[in-house]
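Worksheet: the structure to be examined is printed underneath.
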């Protein structure tokens, strides 16, 4: 295992800063990847035991590497791997006086154990996902769970990839080195990907900030090693421009500070200048790539966040890297440039399982549109997926604020919404008959492989409380669906609605409706309703059921949104 030690003090700090260096050195000395990881872990375990008693060494990295090397020597001796290898490991001294960032010329131009480790992990004989995962495991010390989360795949899948990659390196005799110059291009994409994900892990998790520093250090070496590769300079620029904001992204309590609320005067001017210079070098080389585009976006933020420009850059990036995460970021930029409704439209069709920023972004757009009940539901989804404590605290605050607003009546704008439904004429005594059609509709959609777009509802089309009500049970869907039998396809109309959320047992909905009517009367608002011989015919009058009874059986905790369309 390579998880950060539970000790929050010097050992944990040393793990974040020294793990990659210790493992890289041991791989060079032993050639055995598993042995290197195991002995490094034993060294950190020794630190947990000894440092509280003996004190923290003056050079923790040198101490850890020496202990790990001794453990490797003992293991090799016990297992009788070979006298030659034993002598090599035993006599190889770690020089604590050697500068940590020593740069020595070799056949490729640069010598660095960790850079050598990245290039070995990124050998073209390995699949790209395996290359990046192996490097993050050995160099950055990420756990399998963390790597799996970065790739959005199950943890067992990632563990198998890493295991197969190690076996292939061992069985194929892949050399542990920075390759000669003519072999560098075939590994460039993977090496850049490793550094990018390594930086992102440190950037998204405050406890892993040293990963950002290490990624930037290695990116500088890579840019020096490959001066004619524009994406190497572009990646360095991207890292520097993002890292310039690190001290303003969290407040004194460790809570998230949004970009618009950050104190730009505290951004690191030297990093911004170096990042701009690196981006200029990349641009002069004349071959545009995704890291340069992302760096250009970061540079625009440094200059004051020109949102139309940023939205255009994301649109261009989406053509180069057609990933759902890029499309999500594009939607966020469009929402800032053109408004949240425009951003919300772009979210349709984006699916990133397990990625909390997708529902969090949807929640933000809905909140800004005043659709607080839907926003609260999306914040709940995001909170269920978020793992970083700072993110969870932020989402919890937004959820509480949005829930409070959702319970107060407000006027919102709703777009047209396709749906499928079943219509019945019922009385107040038999209204449960139409509610029972909601699971019937869910099954109908499931058999056709269609996912509901949002929560189910009852639509009250005609109301005569003394006689009959015409009511539809429905599910919103992403686009038009052909009906079948009594299941029909329709569209909920766009327009201004009054919305409020009732939290509690459904029997309280009549009182909630009465209060909503009283509020609308006090505001001088008129419903979209027509009096007919059959009763009051409403343009659109909805009860939206945001709580899934399968996950929340307590009916007193159910959340039901009332949304009544106003007259045009």
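Residue numbers (my numbering): 218 to 785. From the three backbone atoms N, C-alpha and C, an ideal C-beta is built for every residue, glycine too. This one's a predicted model, so the numbers in the text were calculated from it and none came from an experiment.
Judged by their CB atoms, residue 355 and residue 334 are nearer to each other than the 9 Å cut-off. The way I'd put it, the segment 592 to 604 doesn't touch the segment 685 to 692; fewer than three beta-carbon pairs between them come closer than 8 Å.
By a beta-carbon distance limit of 8 Å, residue 567 does not contact residue 539. Their separation comes to about 12 Å. Spanning the alpha carbons of residue 285 and residue 278 requires a straight line of approximately 10 Å. In the DSSP assignment, residue 634 forms a beta bridge with 709. For residue 675, there is no enclosing alpha helix (DSSP H); the enclosing beta strand (DSSP E) covers residues 674 to 680. Boundaries of the alpha helix (DSSP H) harbouring residue 458: 447 to 460, taken from the DSSP string.
Positions of the beta strand (DSSP E) runs, each at least 3 residues long and wholly inside the segment 510 to 560, cannot be given because no such run exists. By the Cβ neighbour-count rule, residue 461 is buried, with 16 or more other Cβ atoms within 10 Å of its own. In the DSSP assignment, residue 258 falls within the alpha helix (DSSP H) that extends over 250 to 271. Looking at 762, 783, 237, 499, the one whose alpha-carbon comes closest to that of residue 628 is 783.
Residue 755 is bridged by DSSP to 746.
Exclusion of the five residues before and after residue 565 leaves 695 as the residues of its chain whose Cβ lies within less than 7 Å of its Cβ. Straight-line measurement puts the Cα of residue 625 at about 13 Å from the Cα of residue 777. Rounded to whole angstroms, the Cβ separation of residue 389 and residue 342 is 6 Å, and the two are in contact under 8 Å. Per DSSP, the continuous alpha helix (DSSP H) segment holding residue 242 begins and ends at 227 to 247. Remark: C-beta atoms of residue 612 and residue 599 approach each other more closely than 9 Å. Around residue 651, the same chain offers 641, 643, 688, 690 as residues with beta carbons nearer than 6 Å, after the five sequence neighbours per side are excluded. Note that the segment 374 to 386 does not touch the segment 429 to 447; fewer than 3 beta-carbon pairs, one per stretch, sit closer than 8 Å. Annotation: residue 227 to residue 280 spans about 13 Å, alpha carbon to alpha carbon. A contact between stretches requires three or more CB pairs, one per stretch, nearer than 8 Å, and the segment 411 to 431 meets this requirement with the segment 355 to 371. Exclusion of the five residues before and after residue 674 leaves 691, 759, 760, 761, 762 as the residues of its chain whose Cβ lies within less than 7 Å of its Cβ. The DSSP-derived three-state label of residue 359 is coil. Under the three-state reduction of DSSP output, residue 717 falls in the strand class. The DSSP-derived three-state label of residue 470 is coil. Setting aside the 5 residues that flank it on each side, residue 419 is surrounded in the same chain by 425, 426, 428, 429, each with a C-beta closer than 6 Å to its C-beta; the list follows chain order. DSSP places residue 580 in the uninterrupted alpha helix (DSSP H) bounded by 574 to 585.
Counting the other Cβ atoms within 10 Å of the Cβ of residue 774 gives fewer than 16, which makes it exposed.
Secondary structure of residue 655 (DSSP, three-state): helix.
The segment 490 to 508 makes contact with the segment 449 to 461; the number of CB pairs closer than 8 Å reaches 3 or more. Of the candidates 734, 740, 680, 680 places its Cα closest to the Cα of residue 751. Note on the segment 331 to 379: whole alpha helix (DSSP H) runs with a minimum of 4 residues are 345 to 355, 361 to 368, in chain order. Looking from the CA of residue 474, the closest CA among 699, 607, 649 belongs to 607.
Residue 696 sits in coil when the DSSP states are folded into three classes, being neither helix nor strand. With three or more CB-CB distances shorter than 8 Å, the segment 528 to 536 counts as touching the segment 504 to 515. Under the three-state reduction of DSSP output, residue 428 falls in the helix class.
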